[in-house]
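Top to bottom, those sequences are chains P and B. Residues 0 to 153, numbered by numbering that gives the first Met the number 0, are exactly what the first sequence covers, in order. Residues 0 to 457, numbered by numbering that gives the first Met the number 0, are exactly what the second sequence covers, in order. Note that beta-carbon positions come from the ideal geometry of N, C-alpha and C, so glycine has one too. Accompanying notes for the structure given below.
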Amino acid sequence: MELEQIRAIIAMMKENDLSEFSMEQDGLKIRIKRGPEGLQQTVTLPPPVSTAPVSIPVVTGAPAIASSSATPAAGVEHITSPMVGTFYRAASPDAPPYVEVGQQVDPETVVCIIEAMKVMNEIKAEMTGVITEILAENAKPVEFGQKLFVVRVK
Amino acid sequence: MFDKILIANRGEIAVRIIRACKELGIRTLAVYSTTDADSLHVQLADEAICVGEAPSKESYLKIDRIISAAEVGDIEAIHPGYGFLSENAHFAEVCENCNIKFIGPSSAAIRAMGDKVAARESMRKAGVPVVPGSDGPVDDEQNALKTARRIGYPVIVKAAGGGGGRGMRVAHNDPSLVKGYHTARSEAERAFGNSVVYIEKYIENPRHIEFQILADRKGKTIHLGERDCSLQRRHQKLLEESPSPALTNDLRKKMGKTAVKAAEAVRYTNAGTVEFLLDAKGDFYFIEMNTRVQVEHPVTEEVTGIDIVKEQIRIAAGEELGYDQKDIQFQKAAIECRLNAEDPFNGFQPSPGRIEFLHVPGGHGVRVDTHVYAGYNIPPHYDSLIAKLICYGHDRRVALDRMARALDEFMIRGVKTTIPLHKLILKDPNFRRGRYSTSFVERLLAASQPLVPPSAEE
Chain P
0 MELEQIRAII AMMKENDLSE FSMEQDGLKI RIKRGPEGLQ QTVTLPPPVS TAPVSIPVVT
60 GAPAIASSSA TPAAGVEHIT SPMVGTFYRA ASPDAPPYVE VGQQVDPETV VCIIEAMKVM
120 NEIKAEMTGV ITEILAENAK PVEFGQKLFV VRVK
Chain B
0 MFDKILIANR GEIAVRIIRA CKELGIRTLA VYSTTDADSL HVQLADEAIC VGEAPSKESY
60 LKIDRIISAA EVGDIEAIHP GYGFLSENAH FAEVCENCNI KFIGPSSAAI RAMGDKVAAR
120 ESMRKAGVPV VPGSDGPVDD EQNALKTARR IGYPVIVKAA GGGGGRGMRV AHNDPSLVKG
180 YHTARSEAER AFGNSVVYIE KYIENPRHIE FQILADRKGK TIHLGERDCS LQRRHQKLLE
240 ESPSPALTND LRKKMGKTAV KAAEAVRYTN AGTVEFLLDA KGDFYFIEMN TRVQVEHPVT
300 EEVTGIDIVK EQIRIAAGEE LGYDQKDIQF QKAAIECRLN AEDPFNGFQP SPGRIEFLHV
360 PGGHGVRVDT HVYAGYNIPP HYDSLIAKLI CYGHDRRVAL DRMARALDEF MIRGVKTTIP
420 LHKLILKDPN FRRGRYSTSF VERLLAASQP LVPPSAEE
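Below, the structure written as structure tokens:
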């Protein structure tokens, strides 16, 4: 997101007397809040494991709170990583992925492998529903709490 | 030199380590718990990985997740800071086995000094004076009584797996010894999973004098002078200073040599601190060695001009110390006040919460090491240290005046802090004269009960 875009959003908020704006797109989350103390803004990139820089708070006062994840819409849950490691979609490079978008899962369904310290850990869905999105990238590192799959639950 | 370091810690020390890395051109990877996502160390590091939920044992103490983070982050070395895993010999061993450099001493040295009973024994063998006490662990009540009568009351029962002032009971006579012996054992079992205890003579109103050690991997061991840490409340340090008003140059040389001997006896490498008790007669005794960088390291940095954290990294990377004992100069006097988010008017109850307003002091001879900022939410899950205020100058008088001035300038709103207590200490005529021991703070608090709350303008 460019600084110009942020400025445009702020101008639009002022024009229309909006107090809060938030947006999530391509791994970027932004939340801008207008309050009586003046404008506070935060731009936060999700804590990266690659070399992308972590956010520097762009603020007139104190660094404001980083935007928390938006509350999921009703009926939508996330399968999150219970550990730090490397995410794999399948048991081995030539095996088919454990799950695909549109696939039904139940609590015991293995959805992926997270490899930590040479140990391959099978991760179970622990919920019933349908996979609607795969958020983690194959063979890429994941951290604790990172969202791996979006699931539309019953 | 390392390319990238993982900081296995949080708060002000994580910020301190990141600063040293940045100045050395080393990239940094921070680990953090879910509640620390907005923490300063996460924001300053080049990369960050979440390792678990807020409670320490779910995150900062999770060895497997930290090692995983090191592996995915392509890490060559881990700096453990202080607390958490810094004196965990098993963690140091895991690092060694995973080919990750642990920035600190070897796991063997950590073990040698971590078992307080074994440490006493090693020190005795090396000719380092130790507090008169039991020959090893005290296994039952009868032996406790025998030992106490041999040494002479008062005595203190200490946990072998403890340290840092925890798991201790003082006894002045047989009945209180029996009670204290059993209480100490069950407390130790609960706190450290190890109920082994030993007994030492209890030295009344001692001064707590510790010596900073630096040792490279080629075997050169030197000391960087002492810190007087006698100002404590419930065995937790509040204020530290160097030089100690109680040491003559001769005593400093003698104690310094002894500290080096202690470190060499366990083949110590990297930074560490040897702790002594100094009694009123001028006799000193080894009590323990801290095998890590300490909270109060900035005091020594300002007195000697040496960057201890950078030296830790350099030593771990295999560099030799570029100077000898004779090159160490004690150029300044320095004092550090530990500022905690606690309410000194309410039994020092922790005061977590959001910092609404913050203004830190500045100017000549003032250093503030902190991880907090205005708008930051102090979480309740970790220790209450929020800032270290270090003032230094040409001599102790200048440092004292500077500290009093800086404390007056320090403004925090939104949480309670121990600043009022430090102001009281700085005003005390005995403290100003350098006349104090480990009982000073408790006596000051008792005499000033209740502490006068600040006026509405403060």
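Thinking C-alpha only, which one of B/229, B/154, B/429 is nearest residue 438 of chain B?
On the second sequence, residue 438 of chain B is found 439 positions in, with the first residue counted as 1. Answer by Cα proximity: B/229.
Residue 170 of chain B to residue 197 of chain B span [Cα, whole Å]
Taking the first residue of the second sequence as 1, we reach residue 170 of chain B at position 171. Taking the first residue of the second sequence as 1, we reach residue 197 of chain B at position 198. Going from the Cα of residue 170 of chain B to the Cα of residue 197 of chain B covers about 13 angstroms.
In terms of residue numbering, what span does the alpha helix (DSSP H) encompassing residue 11 of chain P cover?
The residue you call residue 11 of chain P lines up with position 12 of the first sequence. Where residue 11 of chain P is concerned, the enclosing alpha helix (DSSP H) stretches over 2 to 14.
Relative to the C-alpha of residue 98 of chain B, which candidate in B/336, B/262, B/86, B/75 has its C-alpha closest?
Sequence index remark: in the second sequence, residue 98 of chain B carries index 99 (1-based). Nearest C-alpha to residue 98 of chain B: B/75.
Chain P partners of residue 67 of chain B, CB-CB under 7 angstroms?
The residue you call residue 67 of chain B lines up with position 68 of the second sequence. Result: 82, 83, 84, 115, 116.
Please confirm whether residue 94 of chain B has its beta-carbon closer than 8 angstroms to some beta-carbon of chain P.
Stepping through the second sequence from its first residue, residue 94 of chain B is reached at position 95. Not closer than 8 angstroms to any Cβ of chain P, the Cβ of residue 94 of chain B fails to qualify, so no.
Is the Cβ-Cβ distance between residue 104 of chain P and residue 128 of chain P less than 8 angstroms?
As a first step, residue 104 of chain P is located in the first sequence; it is residue number 105 there, counting from the start. As a first step, residue 128 of chain P is located in the first sequence; it is residue number 129 there, counting from the start. Yes, the pair counts as a contact, with Cβ atoms nearer than the cut-off.
For residue 390 of chain B, the residue or residues it bridges with in DSSP:
Taking the first residue of the second sequence as 1, we reach residue 390 of chain B at position 391. The partner list for residue 390 of chain B (beta bridge, DSSP) reads B/334, B/365.
Report the option in B/366, B/410, B/388 whose CA atom is closest to the CA atom of residue 373 of chain B.
Here residue 373 of chain B corresponds to residue number 374 of the second sequence, with the count starting at 1. Ranking B/366, B/410, B/388 by Cα distance to residue 373 of chain B puts B/410 first.
Looking at chain B, is there any beta carbon in it that lies within less than 8 angstroms of the beta carbon of residue 143 of chain P?
The residue given as residue 143 of chain P occupies position 144 in the first sequence. Yes, residue 143 of chain P counts as interfacial toward chain B.
Could you pull out every residue in the same chain whose Cβ sits closer than 7 angstroms to the Cβ of residue 12 of chain B, ignoring the five residues on either side in sequence?
Counting from 1 along the second sequence, the entry for residue 12 of chain B is found at position 13. Same-chain partners within the cutoff: 80, 81.
With a 10 Å radius around its C-beta and 16 neighbouring C-beta atoms as the bar for buried, classify residue 99 of chain P as buried or exposed.
The residue you call residue 99 of chain P lines up with position 100 of the first sequence. That one is exposed.
Is any beta-carbon of chain P found at less than 8 angstroms from that of residue 6 of chain B?
As a working mapping, residue 6 of chain B is identified with position 7 in the second sequence. For residue 6 of chain B, the answer is no, since every Cβ of chain P falls outside 8 angstroms of its Cβ.
Distance cutoff 8 angstroms, beta carbons only. Does residue 365 of chain B sit that close to anything in chain P?
Your numbering for residue 365 of chain B matches position 366 in the second sequence. No - not a single Cβ of chain P is within 8 angstroms of the one on residue 365 of chain B.
Same chain, Cβ closer than 7 angstroms to residue 153 of chain P, five either side skipped, listed in chain order
Reading the first sequence from its first residue, position 154 is the one you call residue 153 of chain P. 127, 128, listed in sequence order.
With residue 130 of chain B and residue 276 of chain B assumed to form a contact (beta carbons below 8 angstroms), what rounded beta-carbon distance in angstroms separates them?
As a position in the second sequence, residue 130 of chain B is number 131, starting the count at 1. As a position in the second sequence, residue 276 of chain B is number 277, starting the count at 1. With a Cβ gap of about 7 angstroms, residue 130 of chain B and residue 276 of chain B count as contacting.
Can you look up residue 280 of chain B in the DSSP assignment and give me helix, strand or coil?
Sequence index remark: in the second sequence, residue 280 of chain B carries index 281 (1-based). Reduced to three states, the DSSP call for residue 280 of chain B is coil.
Check distances from the C-beta atoms of the region 126 to 140 of chain P to those of chain B and list, in chain order, the residues that come in under 8 angstroms.
140
Taking the alpha-carbon of residue 344 of chain B as reference, which of B/219, B/3, B/32, B/447 has the nearest alpha-carbon?
Residue mapping note: residue 344 of chain B aligns to position 345 of the second sequence, counting from 1. The shortest C-alpha separation from residue 344 of chain B is found at B/447.
Looking at C-beta atoms only, is the number of pairs between the region 376 to 387 of chain B and the region 349 to 359 of chain B that lie closer than 8 angstroms three or more?
yes
Would you report the Cα separation of residue 386 of chain B and residue 235 of chain B, rounded to the nearest angstrom?
Taking the second sequence and counting its residues from 1, one reaches residue 386 of chain B at position 387. Taking the second sequence and counting its residues from 1, one reaches residue 235 of chain B at position 236. Roughly 15 angstroms between the two C-alpha positions.
Please look up how many angstroms separate the CB atoms of residue 148 of chain B and residue 132 of chain B, rounded, as I've assumed it's under 8 angstroms.
Stepping through the second sequence from its first residue, residue 148 of chain B is reached at position 149. Stepping through the second sequence from its first residue, residue 132 of chain B is reached at position 133. Not a contact, Cβ separation roughly 13 angstroms.
Under the three-state DSSP convention, the category residue 159 of chain B falls into:
The sequence position of residue 159 of chain B within the second sequence is 160, counting from 1. Residue state, collapsed to three classes: strand.
I need the straight-line Cα distance from residue 47 of chain P to residue 92 of chain B, nearest angstrom please.
For this step, residue 47 of chain P is matched to residue 48 along the first sequence. For this step, residue 92 of chain B is matched to residue 93 along the second sequence. For residue 47 of chain P, the predicted model reports a pLDDT of 39, less than 50, meaning its position is unreliable and no value from the coordinates is stated.
Output yes or no for whether 8 angstroms exceeds the beta carbon distance between residue 425 of chain B and residue 399 of chain B.
Locating residue 425 of chain B in the second sequence gives position 426, counting from the first residue. Locating residue 399 of chain B in the second sequence gives position 400, counting from the first residue. Yes. Within cutoff.
Hey, which unbroken runs of the alpha helix (DSSP H) at 4 residues or more fall wholly within the region 173 to 199 of chain B?
173 to 191
Can you find at least 3 beta carbon pairs, one from the region 214 to 225 of chain B and one from the region 175 to 184 of chain B, that sit closer than 8 angstroms?
no
Decide yes or no for the touch test of the region 250 to 270 of chain B against the region 101 to 114 of chain B: beta carbon pairs closer than 8 angstroms, at least 3 of them.
yes
Below 8 angstroms on the Cβ atoms is my guess for residue 283 of chain B versus residue 302 of chain B; work out the distance and round it to an integer in Å.
Here residue 283 of chain B refers to the residue found at position 284 when the second sequence is read from its first residue. Here residue 302 of chain B refers to the residue found at position 303 when the second sequence is read from its first residue. About 20 angstroms separates the two Cβ atoms, so there is no contact after all.
Please report the distance separating the alpha-carbon of residue 285 of chain B from that of residue 252 of chain B.
Stepping through the second sequence from its first residue, residue 285 of chain B is reached at position 286. Stepping through the second sequence from its first residue, residue 252 of chain B is reached at position 253. Residue 285 of chain B and residue 252 of chain B: Cα-Cα distance of roughly 15 angstroms.
Rounded to whole angstroms, how far is the Cβ of residue 33 of chain P from the Cβ of residue 18 of chain P, which I believe are closer than 8 angstroms?
Here residue 33 of chain P refers to the residue found at position 34 when the first sequence is read from its first residue. Here residue 18 of chain P refers to the residue found at position 19 when the first sequence is read from its first residue. Residue 33 of chain P to residue 18 of chain P, Cβ: 5 angstroms. Contact.
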